[in-house]
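Working notes for the structure below.
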Amino acid sequence: MDDKKKMRSQNWFGKTGKDGFIYRAWMKNQGYPADEFEGKPVIGICNTWSELTPCNGHFRELAEHVKRGVWEAGGFPLEFPVMSLGETLMKPTTMLYRNLASMDAEESIRGNPLDGIVLLGGCDKTTPSILMGACSVDLPTIFISGGPMLNGKHKGRDIGTTDVWKFSDANRRGELSQKEFVEAEANMCRSDGHCAVMGTASTMACMVEALGVTLPHNAAIPASDSRRKVLAHISGRRIVDMVKEDLTLSKILTREAFENAIMVNAAIGGSTNFVVHLLAIAGRIGVKLDLEDFDKFSEKIPLLANLLPSGKFMMEDFYYAGGLPALIKELKAHLHTNALTANGKSIGENTDDITCYDTNVIGSLENPFKDDSGIAVVRGNLCPDGAILKPSAATPALMQHKGRAFVFEDIEDYKAKVDLPDLDLDENSVLVLKNAGPKGYPGMPEVGNIGLPKMMLDKGITDMVRISDGRMSGTAFGTVILHVSPESAVGGTFGLVETGDIIELDVANRKLTLHVSDEVLAERKKSWKAPDLGYNRGYAKMYIEHVEQAHQGVDLDFLKGKSGSEVNRDSH
Ligand code: FES
Ligand code: MG
């Protein structure tokens, strides 16, 4: 009886009189016997399934495996949908809606009779959004990722999302026919799951495992591998015990867990999007985290995983090589090994029986895949609040570079000009794309890896220094400076850059400098006007008014922190 009293769900199902009748009676139309309501841990399965989010298209089946585990352990599983964000279809960018989806998850969790939460996420934003929401409630919570697709197979070789950019460039150069282009689509996406390279979805799956909110091996088991179903099943069992142990998110998501996640992200060559999502999650759970932490904690970490886009393998290969636990084991000397994880053991203990089966895929500290890893944070008059670069995806020769800016005022300007034959630029130019930030697009889209002008591609140029206040796809690569803060649309210096200005990048010294005098910039500022985006109502209007800058995690200012799980009033 004592146990039952403790269950939060009994504030609904355990009530007498009219309220209790209403809370139970309508649930019984789904065929649940009366004793399900008598104090069992009620487990909410927060599902981002959607046919418009193909990466999460298998989640209804995955949820059934979670339920098996919950029933088996004596819990009462109840699945519910939340807003799902599909990276490939949603305009103008899913990032605009990450915070909205987080609000959906938060309120759906808090407002319902739930004791523990299983979060199902896969495609890029579906992971951080629902974890952010869950953090603001802080119930016992376990995450299950949907898993990566199997390696794409095209003309005898493995392909993944990173090849999209390569196919597209080859197609623009006239080297790849339209017929083969379309064939490659089907050959790349041939199974359930999210992008198979170390893009943002895989990065997020590794992030939640490194933070400790999943069972070991969450990150890499392919979506179509039966062991993904087993993981869902045992996660379902485990959440019931987590409720009994009151193992809430804030007990797992400590400062140490965030530092571990940053180090693991460096070693896997994770996406730059990791930065804005981890900052936002930290902001919700109440852990202080700064942009500099990403640079500082990745400094001593080499790149261990030989995965696209920094290397050559994909997530399926990563799993067969031992997966994330094998990489974590290799990193043990650096990590906080005592950090608690969802199974009640420490992240260190979880790797005791783990073996690396392929050192070509997962290198060692003595013999890493590359020395450069992680996220470099640069500052200067162009980005006083910082900007980031992923050294492992950049061209070493361009990490120290001075060149003339060629400015695209916004994405429309870019699209109008990029294929023109006579632009005033050469391979030493620095491409600048403005108005791609959180407020300025709005939603900070993945356009920051500014595809090279056709006249450069025709010359065989494959990389140039590029700078924007936007993000880039985790599957993209190049010497790309992203997340310039403050963004151009709020009147930052970045908005004042003109074609012909000299820009100097010095990654070794973490500097990004616009060689234009303060006087000239002040003069330009006088004629600067904030862009009118034409968003005058609805969520986008609220978003633009409240969104914070990239170095703060792009959350809405009023969503920071948590409100706990208490709800005082009944609904009738
Ligand atoms: Fe969904 Fe890449 S498009 S993970
Ligand atoms: Mg992506």
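Residue numbering for the sequence shown follows the UniProt record's numbering, beginning at 1 and increasing consecutively. Using N, Cα and C, we set each Cβ at its ideal position, and we do this for glycine too.
Check: residue i C-beta below 7 Å from any heavy atom of the ligand FES
| i | result |
| --- | --- |
| Glu87 | yes |
| Gly270 | no |
| Asp124 | yes |
| Cys206 | no |
| Cys189 | no |
| Gly199 | yes |
| residue 574 | The structure shown does not extend to residue 574, since the chain spans only 1 to 572, so no value can be given for it. |
| His277 | no |
| Thr161 | yes |
| Cys356 | no |
| Cys55 | yes |
| His515 | no |
| Cys195 | yes |
Three-state class that DSSP yields for residue i in the structure shown
| i | result |
| --- | --- |
| Val197 | coil |
| Met1 | Because Met1 sits at a pLDDT of 39, beneath the cut-off of 50, its placement in the model cannot be relied upon, and the point is left open. |
| Glu256 | helix |
| Gly323 | helix |
| Thr248 | strand |
| Ser9 | coil |
| Ser136 | coil |
| Gly69 | helix |
| Ile45 | strand |
| Pro33 | coil |
| Ile144 | strand |
| Glu79 | strand |
| Leu89 | coil |
| Ser108 | helix |
| Gly121 | strand |
| Ile544 | helix |
| Arg569 | coil |
| Lys370 | strand |
| Ser50 | coil |
| Gly236 | helix |
| Ser346 | strand |
| Gly116 | strand |
| Leu340 | strand |
| Leu100 | helix |
| Gly561 | coil |
| Leu335 | coil |
| Ile362 | strand |
| Leu150 | coil |
Residue from the options whose Cα sits closest to the Cα of residue i
| i | options | result |
| --- | --- | --- |
| Leu85 | Ser50, Glu61, His58 | Ser50 |
| Ala13 | Val42, Gly122, Gly31, Asn29 | Sequence check: residue 13 is Phe here, not Ala. Ranking the options by Cα distance to Phe13, first place goes to Val42. |
| Met132 | Ala282, Trp165, Leu62 | Ala282 |
| Leu324 | His334, Ala333, Ile347, Ser429 | Ile347 |
| Ile299 | Thr355, Leu365, Ser373 | Sequence inspection shows Glu at residue 299; the Ile mentioned does not correspond to that position. Out of Thr355, Leu365, Ser373, Ser373 has the C-alpha closest to the C-alpha of Glu299. |
| Trp165 | Leu556, Met472, Asp557, Lys541 | Met472 |
| Ile481 | Pro33, Ser392, Leu308, Val378 | Val378 |
| Phe297 | Lys288, Ile375, Asn360 | Ile375 |
| Tyr319 | Ala220, Thr126, Val432 | Ala220 |
| Leu279 | Ala266, Asp293, Gly270 | Asp293 |
| Arg190 | Gly199, Ile159, Phe181 | Ile159 |
| Thr513 | Gly386, Cys46, Val276, Leu120 | Gly386 |
| Val507 | Thr479, Gly75, Glu498 | Thr479 |
| Asn11 | Gly39, Met27, Ala267 | Gly39 |
| Val230 | Ala25, Phe37, Glu330, Ala63 | Ala63 |
| Asp413 | Lys402, Leu431, Asp426 | Leu431 |
| Asp463 | His58, Thr161, Glu427, Cys46 | Glu427 |
| Asn151 | Asp555, His194, Pro384, Phe76 | His194 |
| Leu307 | Glu566, Phe477, Val82 | Phe477 |
Supposed close pair residue i, residue j - CB separation, criterion 8 Å
| i | j | result |
| --- | --- | --- |
| Glu72 | Arg238 | Their Cβ separation, rounded to whole angstroms, is 11 Å, which puts Glu72 and Arg238 out of contact at 8 Å. |
| Glu316 | Pro148 | 7 Å |
| Pro302 | Pro368 | 3 Å |
| Thr48 | Ile130 | 6 Å |
| Asn435 | Ser488 | 5 Å |
| Ile285 | Lys562 | 7 Å |
| Phe234 | Gly69 | A small fix is needed here, since residue 234 is Ile in this sequence, not Phe. Going by Cβ atoms, the distance from Ile234 to Gly69 rounds to 6 Å, so yes, they are a contact pair. |
| Ile502 | His483 | Their Cβ separation, rounded to whole angstroms, is 22 Å, which puts Ile502 and His483 out of contact at 8 Å. |
| Ser468 | Leu433 | 4 Å |
| Thr140 | Val264 | Correcting the residue identity first, residue 140 is Pro in this sequence and not Thr. Wrong, their Cβ atoms sit about 23 Å apart, outside the cutoff. |
Contact test: residue i Cβ vs the ligand NAD heavy atom, cutoff 7 Å
| i | result |
| --- | --- |
| Lys562 | Absence of the ligand NAD is noted for the structure shown, with the ligand FES and the ligand MG being the only ligands found. |
Exercise for the section: Give, in chain order, every unbroken run of the beta strand (DSSP E) that is at least 3 residues long and sits entirely within the region 267-324. Expected result: none
Handout entry: Segments assigned alpha helix (DSSP H), at least 4 residues, entirely inside the region 447-535
Key = 454-458, 518-526
Problem - alpha helix (DSSP H) runs contained entirely in the region 372-447, provided each spans 4 or more residues - result: 411-417
Handout entry: Segments of 3+ residues assigned as beta strand (DSSP E) that fall wholly inside the region 152-234
Key = 152-154, 157-159
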